[in-house]
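*Asks:*
Chains as they are written, first to last, in this note's numbering: chain A, 201 to 317; chain B, 83 to 574; chain C, 101 to 430.
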């Protein structure tokens, strides 16, 4: 069972590292890097689901019978694009926040926000 | 053309958004957006009639039958939501042209309408689709445009609020993606109808349990259920007024729709409420949300922030209704969704008028506003009465049904707590009334005039709807009950 | 497997490092290694996209951001214990969930047996395109892809709304921009780039149109096309690049891509079918499918290119303004 599932477990570890970076770190850019790692690991997970032993890439060609499942590939293509869209917006916001508050550390920003209220 | 209504409802705003870039001048773009939103509203009315008459509508995109292609599935539940979203969107847009002159720099105004239409299309896409992954894609469309819209607010705190929303929202979306992936892995399909047929055989596996857990948590992040609500107050308070009015009335309803749809139609009511003690969890979190948020609202000095916390409380009520897991409870929740959209839409739009005239929504700037802006303040008062649940307003109807549903289920303590929560609403409403009617205006604020017609008309449209549906409850109750019953008929 | 081991090491290194420049570089490597992992898992289209987008564009944007926001992370980790607890609970839940999964690579998992076989077995007759991923992406689940293009468009509009600033044409008053200095100093780079750019553009066109037969398609082509333009603007300066590619034009292009995609669907409705039903675009259904996929991929390529360029131009432009203001106040 270990041999059959260890791939998934390593991917779970990757996901959790990414998730940890998002919630534990205060630097806004690093949070986005963490988000990226989290999402990429989810993609690796999905693609692992689609893998078939002895299969080949899902492009029809002479001499191959066994193909990997194309449906998760399509889903992940979409998800990658969604991921970059989120990253771009997040980074743009980080840049604006730096201009407005002079810092991109969560604690410092929170202090300045609280002072205004 | 009639057969294509399901897709037209989404495509019309979706394709109108990039077209705005071609139009360029903000005045024209506003008219165009208004037209588009209005047509979407008419389409949603037609869809609701069709569904009430002939039952579920199925539409295959690309001509491929499900589950190989994506299908749209409209039943009574989505039809109601489509109506709410498009209706609020159109009414709010009436005031948009005036409101954003003061709040958004001119070179960004066209982009504002593009993002607004994208947000509208995204939400409509979520509620009409019958495919789980399609939900994710449109969820991201609506979320990304919401992040950008919120960040357009004048105050620099809007940027921070938008960033926090982005992080929490993306975590939620990724959780939902994980849930969908696990479901796919165990059943091989993404179509919701197909999933509901195939999940029962694998329902007892740990993977499906995990999928369910991740989906629920992801949706709750988007729903702003206590304690995952931290992004909502700031995001609503510092966004441009039109954005707040639109999002407050619609965004969390869509997330609640997803919760209902996944627990009843996909996983099935019996599975959902027995694997995890959802009833207990949700009723506790819902009530905690009501009290924590209402109490926090009392201490707020920024009126928009106050009503944002009030929104968190209202979501708590809706969750309590949902947790009862009965037709009556679900009817109450659906009614409250509709009513809350009307109430909060009116309130935030009226606040937008105040922001337009005096440039601030701090409580101290409300002094004397009762005399200077009588119609606007009257609207706020009626809206607040609706929040409290005073008879003759729409808020009373949904609270009434909620309490009845709780009693019918034997949950007397819950019913009492619901009523107590309404009392808290009286406290924070009184603060506003006192400031507006019983205090003299601050120095420098004496020249304030009443809000322009472009605000007053949509605000009073919503307020009148508040009162009308509070008195004549037949239509809303009938539709909500029908939707709730159909959900229970579908779920095993 | 070795690749996964590397990925874990990189992830842990990212957690520990405070130098954001190194963190961004590592995340680029993470993306590249993920792409290689995808190749070993036979997911070639995904690998291509991940390499272009995750390792390419994401790293680029992060670098531009870090240039402006500061290279080093300040704070010590706050809420570490609580965060660790949440992460552990989530991780344990996930691993608990994996216990009942079908084994990695198994042929008779439900995912392989239900919907997928029709795509693999019938797509040649129904659509006639060897790359099954393209046929699923552009035809069977074409509506999802429309959503995806709209997501990219939304990001472009969002970045425009957040970062765009009016650029007055500056006389050369010591703009640092990325390269007045480069003109003299980096002669080799300039010359090599000028030679390379046409080939990159050609490759992008190849990927665009060959996506039916091999890995590729609108997204990857769009990113590569944008990469060529970005390369040019990095070497020759934003002001030059803005003269080459006018801003209103590129915004218009991004909108047109989405509209092209949508109009294919509308034409299907006008011809009597459902939205995005390509069978009705021509007398022969398979030819109709080919035409539909071609047009749709063109729309995708158009929007992706323009949005990537918009995002980069706005990021770089904002950073440039910021650096110029800092220098003036210093």
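Just so it is clear, CB atoms sit at the ideal spot from N, CA and C, and this is done for glycine as well.
Below 7 Å between beta carbons is the criterion; list the residues of the region 514 to 541 of chain B that meet it against any residue of chain A, in chain order.
*Replies:* Going along the region 514 to 541 of chain B in chain order, one finds no residue with a Cβ nearer than 7 Å to chain A.
*Asks:* What are the partner residues of residue 140(B), as DSSP defines its beta bridges?
*Replies:* On the second chain, residue 140(B) is found 58 positions in, with the first residue counted as 1. Note: residue 140(B) sits in a beta bridge opposite 155(B).
*Asks:* In terms of alpha-carbon separation, which member of 250(B), 276(B), 523(B) lies closest to residue 303(B)?
*Replies:* Residue mapping note: residue 303(B) aligns to position 221 of the second chain, counting from 1. Looking at the Cα atoms, 250(B) is the closest of the given residues.
*Asks:* So, does the CB of residue 387(C) fall closer than 8 Å to a CB anywhere in chain B?
*Replies:* Along the third chain, one-based indexing puts residue 387(C) at 287. Chain B, which has no Cβ nearer than 8 Å to the Cβ of residue 387(C), makes this no.
*Asks:* Say whether the region 302 to 319 of chain B touches the region 162 to 172 of chain B, bearing in mind that this needs 3 or more beta-carbon pairs closer than 8 Å, one atom from each stretch.
*Replies:* no
*Asks:* Which same chain residues end up closer than 7 Å to residue 544(B) when comparing Cβ atoms and leaving out the 5 residues on each side of it in sequence?
*Replies:* Translated into the one-based positions of the second chain, residue 544(B) becomes position 462. Correct list, in chain order: 173, 424, 427, 428, 431.
*Asks:* On the criterion of 16 or more Cβ atoms from any shown chain inside 10 Å, does residue 428(C) qualify as buried, or is it exposed?
*Replies:* As a working note, residue 428(C) is residue 328 in the third chain. Label assigned to residue 428(C): exposed.
*Asks:* My output table needs one value for residue 256(A): the three-state DSSP class, helix, strand or coil.
*Replies:* One-based indexing of the first chain puts residue 256(A) at position 56. Of the three classes helix, strand and coil, the one that applies to residue 256(A) here is strand, per DSSP.
*Asks:* Should residue 266(A) be flagged as near chain B, meaning a C-beta pair shorter than 8 Å?
*Replies:* What you label residue 266(A) is simply residue 66 of the first chain in a count that begins at 1. No, because no Cβ of chain B sits closer than 8 Å to the Cβ of residue 266(A).
*Asks:* In the region 209 to 229 of chain A, which residues sit with their C-beta less than 7 Å from some C-beta in chain B, listed in chain order?
*Replies:* 222, 228
*Asks:* Thinking just about the alpha-carbon of each residue, which of 457(B), 566(B), 520(B), 180(B) is nearest to the one in residue 447(B)?
*Replies:* As a first step, residue 447(B) must be located in the second chain, where it is residue number 365. Nearest option by C-alpha distance: 520(B).
*Asks:* Distance cutoff 8 Å, beta carbons only. Does residue 120(C) sit that close to anything in chain B?
*Replies:* On the third chain, position 20 is the one that residue 120(C) refers to. So no, residue 120(C) is outside the interface.
*Asks:* When the Cα of residue 88(B) is compared with those of 288(B), 127(B), 531(B), which residue comes out closest?
*Replies:* Along the second chain, one-based indexing puts residue 88(B) at 6. If we check each option's Cα against that of residue 88(B), 127(B) comes out closest.
*Asks:* What's the gap between the Cα of residue 288(A) and the Cα of residue 109(C)?
*Replies:* Locating residue 288(A) in the first chain gives position 88, where the first residue counts as 1. Locating residue 109(C) in the third chain gives position 9, where the first residue counts as 1. Roughly 26 Å separates the two Cα atoms.
*Asks:* Please go through the region 210 to 253 of chain B and give each complete alpha helix (DSSP H) segment of 4 or more residues, from N-terminal end onward.
*Replies:* Whole alpha helix (DSSP H) segments, 4+ residues: 214 to 233.
*Asks:* Please report the straight-line C-alpha distance between residue 390(B) and residue 300(B), rounded to a whole angstrom.
*Replies:* Your numbering for residue 390(B) matches position 308 in the second chain. Your numbering for residue 300(B) matches position 218 in the second chain. Looking at the two C-alpha atoms, the distance is approximately 21 Å.
*Asks:* For a contact meaning CB atoms closer than 9 Å, what does residue 235(A) contact in chain C?
*Replies:* Counting from 1 along the first chain, the entry for residue 235(A) is found at position 35. Neighbours of residue 235(A) on chain C: none; closest Cβ ~10 Å, over 9 Å.
*Asks:* Determine the DSSP secondary structure at residue 172(C), reduced to helix, strand or coil.
*Replies:* Working through the third chain from its first residue, we reach residue 172(C) at position 72. Note: residue 172(C) maps to strand in three-state DSSP.
*Asks:* Going by C-alpha distance, which of 291(C), 395(C), 129(C) is nearest residue 360(C)?
*Replies:* Translated into the one-based positions of the third chain, residue 360(C) becomes position 260. Of the listed residues, the one whose Cα sits closest to residue 360(C) is 395(C).
*Asks:* In chain order, which continuous runs of the alpha helix (DSSP H) of length 4 or greater are located wholly inside the region 222 to 256 of chain A?
*Replies:* For the region 222 to 256 of chain A, whole alpha helix (DSSP H) runs of length 4 or above, ordered along the chain, are 228 to 250.
*Asks:* Below 8 Å CB to CB, which residues in the same chain sit around residue 192(B) once its five sequence neighbours on both sides are set aside?
*Replies:* Along the second chain, one-based indexing puts residue 192(B) at 110. Closer than 8 Å at Cβ, skipping near neighbours: 102, 103, 105, 106, 107, 108, 111.
*Asks:* What is the residue span of the alpha helix (DSSP H) that residue 216(C) lies within?
*Replies:* Translated into the one-based positions of the third chain, residue 216(C) becomes position 116. Segment 216 to 226, the alpha helix (DSSP H) holding residue 216(C).
*Asks:* So that I know if they touch, is there some Cβ in chain C lying closer than 8 Å to that of residue 580(B)?
*Replies:* The structure shown has nothing for residue 580(B), since chain B only spans 83 to 574.
*Asks:* Does DSSP put residue 267(A) in a helix, in a strand, or in coil?
*Replies:* Locating residue 267(A) in the first chain gives position 67, counting from the first residue. In the structure shown, residue 267(A) sits in a strand (DSSP, three-state: E or B).
*Asks:* How would you call residue 291(C), buried or exposed, if buried means at least 16 neighbouring beta carbons within 10 angstroms?
*Replies:* Locating residue 291(C) in the third chain gives position 191, counting from the first residue. By the neighbour-count rule (16 or more Cβ atoms within 10 Å), residue 291(C) is not buried but exposed.
*Asks:* Quick check on the DSSP output: what are the complete alpha helix (DSSP H) runs of length 4 or more inside the region 83 to 136 of chain B, in order along the chain?
*Replies:* Positions of the alpha helix (DSSP H) runs, each at least 4 residues long and wholly inside the region 83 to 136 of chain B, are given as 87 to 105, 108 to 136 in order along the chain.
*Asks:* Just to confirm before moving on: does the CB-CB distance between residue 293(B) and residue 261(B) stay below 8 Å?
*Replies:* Within the second chain, numbered from 1, the residue matching residue 293(B) stands at position 211. Within the second chain, numbered from 1, the residue matching residue 261(B) stands at position 179. In this structure, residue 261(B) lies closer than 8 Å to residue 293(B) by Cβ.
*Asks:* Measure the Cβ-Cβ separation of residue 143(C) and residue 247(A) and say whether it is below 8 Å.
*Replies:* On the third chain, position 43 is the one that residue 143(C) refers to. On the first chain, position 47 is the one that residue 247(A) refers to. Yes, the pair counts as a contact, with Cβ atoms nearer than the cut-off.
*Asks:* Closer than 7 Å between beta carbons: that is the criterion. Which residues of the region 238 to 262 of chain A meet it against chain B?
*Replies:* 238, 239, 242, 245, 246, 249
*Asks:* Do residue 93(B) and residue 373(C) have their beta-carbon atoms positioned less than 8 Å apart in this structure?
*Replies:* For the purposes of this step, residue 373(C) is taken as the residue at position 273 of the third chain. For the purposes of this step, residue 93(B) is taken as the residue at position 11 of the second chain. No, the pair does not count as a contact, with Cβ atoms beyond the cut-off.
*Asks:* By Cβ distance, which residues of its chain are closer than 8 Å to residue 208(A), with the 5 residues on each side in sequence left out?
*Replies:* As a working note, residue 208(A) is residue 8 in the first chain. Within the same chain, residue 208(A) has close Cβ partners 245, 248.
*Asks:* Please name the residue in 201(C), 342(C), 249(C) whose C-alpha comes closest to that of residue 322(C).
*Replies:* Mapped onto the third chain, residue 322(C) falls at position 222. Of 201(C), 342(C), 249(C), the residue nearest in Cα terms is 249(C).
*Asks:* At a CB-CB cut-off below 7 Å, which residues of chain C make contact with residue 100(B)?
*Replies:* Indexing the second chain from 1 puts residue 100(B) at position 18. Taking a Cβ-Cβ cut-off of 7 Å, the neighbours of residue 100(B) in chain C comprise 253, 355, 358, 359, given in sequence order.
*Asks:* Within its chain, find whatever has a CB closer than 6 Å to the CB of residue 145(C); leave out the 5 residues flanking it on each side and keep chain order.
*Replies:* Within the third chain, residue 145(C) is the residue found at index 45, counting from 1. Once the five neighbours on either side are set aside, the close Cβ partners of residue 145(C) are 233, 315.
*Asks:* Evaluate contact between the region 326 to 337 of chain C and the region 407 to 416 of chain C, counting only Cβ atoms and requiring at least three cross-stretch pairs below 8 Å.
*Replies:* yes
*Asks:* Around the C-beta of residue 119(C), are 16 or more other C-beta atoms found within 10 angstroms, so that it is buried, or is it exposed?
*Replies:* Here residue 119(C) corresponds to residue number 19 of the third chain, with the count starting at 1. Within 10 angstroms of the beta-carbon of residue 119(C) lie fewer than 16 other beta-carbons, which makes it exposed.
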